[in-house]
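Visitor: This is the structure I want to talk about, given as structure tokens.
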Amino acid sequence: MDGKSQTKRGQGVVQWGLSVPFILMHFVPLGALWVDVSAMDWALCGVLYVVGMFFVTAGYHRYFSHRAFKTSRWMQFILAFGAQTSAQKGALWWSSHHRHHHRHSDQDDDVHSPRHGFWWSHVGWILSDRYMHTDYDAIKDMAKYPELRFLNRYHILPSVFLGSLCFLTGGWGALCIGFFLSRILLYHGTFLVNSLAHVIGRPRYDTGDDSKNSWIIAMLTLGEGWHNNHHHYQSSTTQGFYWWEIDMTYAALKVMAWMGLVWDLRRPSDRFRATNWLNGPETEVPTLLSDLPSLPSLPSLPELPAFPELPDMADLQELSSPPTPSVQSGR
Ligand SMILES: [Zn+2]
Ligand SMILES: [Zn+2]
419 MDGKSQTKRG
429 QGVVQWGLSV
439 PFILMHFVPL
449 GALWVDVSAM
459 DWALCGVLYV
469 VGMFFVTAGY
479 HRYFSHRAFK
489 TSRWMQFILA
499 FGAQTSAQKG
509 ALWWSSHHRH
519 HHRHSDQDDD
529 VHSPRHGFWW
539 SHVGWILSDR
549 YMHTDYDAIK
559 DMAKYPELRF
569 LNRYHILPSV
579 FLGSLCFLTG
589 GWGALCIGFF
599 LSRILLYHGT
609 FLVNSLAHVI
619 GRPRYDTGDD
629 SKNSWIIAML
639 TLGEGWHNNH
649 HHYQSSTTQG
659 FYWWEIDMTY
669 AALKVMAWMG
679 LVWDLRRPSD
689 RFRATNWLNG
699 PETEVPTLLS
709 DLPSLPSLPS
719 LPELPAFPEL
729 PDMADLQELS
739 SPPTPSVQSG
749 R
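As structure tokens, this is what we get:
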């Protein structure tokens, strides 16, 4: 797509006709009311959510959008295929729009800034006709691989493959709950990073945008909630910069690095992560609790009646000990 067509949000229009399949998908899990759903189907939903989220964060985001680590061409293909089982379009489409977000974060041209409306940033822009094609100019480094271009063109294939696999092995319950419900949760888990991670939480770095660090979003998205860190250092493989900023995607990538599947993982140096703070290290403790609503203060307890004063221990000892007999000596 040319640069001019990806312009201000005001020019984007929700294309209801093209959005029907996406909207209808949200009703598919209700099919569970008519089909047998087993505990295995719910477990499948949980597993497919976690695995899918890993491919979204490690694949779409950290690898294709930011080149935050290196890997082989085979693993690159697997990352794209795995990410596209989430039905969030092609890896090239996803990362070209994400790069655009970083170039124009929370400015007029940002594709999905909450400043243009929360629902617009969460889901509206995806339903817009303006952002349905891929800006190949923004993703030339990845678009040079024909297999990625093929996957981008037929982006629905990986999700159809996974959905079919669920149906063939687990039946309707696995399809409705294992596959469709986990895709819907994956949509909104991923979209939270575009919407809520620019609204709730705390910013550590002065990044010139509204990005925040939010542990709730980090838990739901395997580490993507440390979004202000990410805007500070986009090509870092880890988005948690301190030990308490749990980043499960990075942990999994570390394991893959030990196995030789990926390499050149990046972390911020101590010096870099200490630069450009908005306030200072003393704000760190509240960062942990910043997402929690403040608790109501407890009512104070009624004053207890004062106990009668106890006698001193020394006095008690004196009272209880028998008088010392006086020793008389004499001839
Ligand atoms: Zn952002
Ligand atoms: Zn990013």
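Its first residue numbered 419, the sequence shown is counted upward by one per residue in the numbering used here.
Even for Gly, the Cβ is constructed at its ideal location relative to N, Cα and C.
With H, G and I counted as helix, E and B as strand and the rest as coil, what does DSSP make of Thr395?
Guide: No statement about residue 395 is possible, as the shown extent of the chain runs from 419 to 749 and does not include it.
Visitor: Take the Cβ of Trp538 as the centre, count every other Cβ of all protein chains shown within 10 Å, and call the residue buried at 16 or more, exposed below.
Guide: On the sequence shown, position 120 is the one that residue 538 refers to. The residue is buried, with at least 16 neighbouring Cβ atoms inside 10 Å.
Visitor: What are the residues that DSSP puts in a beta bridge with Asn697?
Guide: Indexing the sequence shown from 1 puts residue 697 at position 279. For Asn697, which the question treats as bridged, DSSP gives no partner whatsoever.
Visitor: Quick one: is His551 buried, meaning 16 or more other Cβ sit within 10 Å of its Cβ, or exposed?
Guide: Locating residue 551 in the sequence shown gives position 133, where the first residue counts as 1. His551 should be labelled exposed.
Visitor: For a test of the three-state rule: what should DSSP assign to Thr656, helix, strand or coil?
Guide: Along the sequence shown, read from residue 1 onward, the residue named residue 656 stands at position 238. Coil.
Visitor: Pull up the distance between the alpha-carbon of Thr705 and that of Thr656, whole angstroms please.
Guide: Mapped onto the sequence shown, residue 705 falls at position 287. Mapped onto the sequence shown, residue 656 falls at position 238. Only weak support exists for where Thr705 lies, its pLDDT of 49 falling under 50; the coordinates are left without a value.
Visitor: Using the rule of at least 16 other Cβ atoms within 10 Å of the residue's Cβ for burial, across every protein chain shown, is Ser600 buried or exposed?
Guide: Taking the first residue of the sequence shown as 1, we reach residue 600 at position 182. Label assigned to Ser600: buried.
Visitor: Taking one C-beta from the region 601–609 and one from the region 503–515 each time, how about it: are there three or more such pairs within less than 8 Å?
Guide: The region 601–609 vs the region 503–515: in contact.
Visitor: DSSP three-state label for Val611, please.
Guide: Looking up residue 611 in the sequence shown gives position 193. Reduced to three states, the DSSP call for Val611 is helix.
Visitor: Decide if Ile465 is buried, meaning its Cβ has at least 16 other Cβ atoms within 10 Å, or exposed.
Guide: Within the sequence shown, residue 465 is the residue found at index 47, counting from 1. Contrary to the premise, residue 465 reads as Val rather than Ile in this sequence. Classification of Val465: exposed, given that the 10 Å Cβ count is below 16.
Visitor: Which residues mark the beginning and the end of the alpha helix (DSSP H) in which Thr667 is found?
Guide: Locating residue 667 in the sequence shown gives position 249, where the first residue counts as 1. Run containing Thr667: 666–676, per the alpha helix (DSSP H) assignment.
Visitor: According to DSSP, simplified to helix, strand and coil, what is Arg521?
Guide: As a first step, residue 521 is located in the sequence shown; it is residue number 103 there, counting from the start. Three-state DSSP puts Arg521 in a helix.
Visitor: Contact check, Cys594 vs Pro439 under 8 Å by CB: the rounded distance?
Guide: Counting from one through the sequence shown, the residue named residue 594 turns up at place 176. Counting from one through the sequence shown, the residue named residue 439 turns up at place 21. Contact doesn't hold; Cβ gap of about 16 Å is too wide.
Visitor: Quick check: does the Cβ of Val611 come within less than 8 Å of any heavy atom belonging to ligand 1?
Guide: As a position in the sequence shown, residue 611 is number 193, starting the count at 1. Under cutoff, so the answer is yes.
Visitor: Cβ of Ala486 versus every heavy atom of ligand 1: is any distance shorter than 8 Å?
Guide: Numbered from 1 along the sequence shown, position 68 holds the residue referred to as residue 486. No.
Visitor: DSSP state of Ser483, grouped into three classes?
Guide: Walking along the sequence shown from the start, residue 483 turns up at place 65. Of the three classes helix, strand and coil, the one that applies to Ser483 here is helix, per DSSP.
Visitor: By how many angstroms is the C-alpha of Trp695 removed from the C-alpha of Tyr623?
Guide: In the sequence shown, counting from the first residue as 1, residue 623 sits at position 205. In the sequence shown, counting from the first residue as 1, residue 695 sits at position 277. Rounded to the nearest angstrom, the two C-alpha atoms are 4 Å apart.
Visitor: Apart from the five residues on each side of it in sequence, which residues of its chain come closer than 7 Å, Cβ to Cβ, to Trp661?
Guide: Taking the sequence shown and counting its residues from 1, one reaches residue 661 at position 243. So the list is empty, once near-sequence residues are dropped.
Visitor: Beta carbon of Gln756: closer than 8 Å to some heavy atom of ligand 2?
Guide: Only positions 419 to 749 of the chain appear in the structure, and residue 756 is not among them; the question remains open.
Visitor: Going by beta-carbon coordinates alone, are His645 and His616 separated by less than 9 Å?
Guide: The count along the sequence shown starts at 1 and reaches residue 645 at position 227. The count along the sequence shown starts at 1 and reaches residue 616 at position 198. Yes.
Visitor: I'd like the list of long-range same chain contacts for Tyr481, defined as Cβ closer than 8 Å, with 5 residues on each side in sequence excluded.
Guide: As a working mapping, residue 481 is identified with position 63 in the sequence shown. The answer, listed in chain order, is Phe487, Thr489, Gln494, Leu497.
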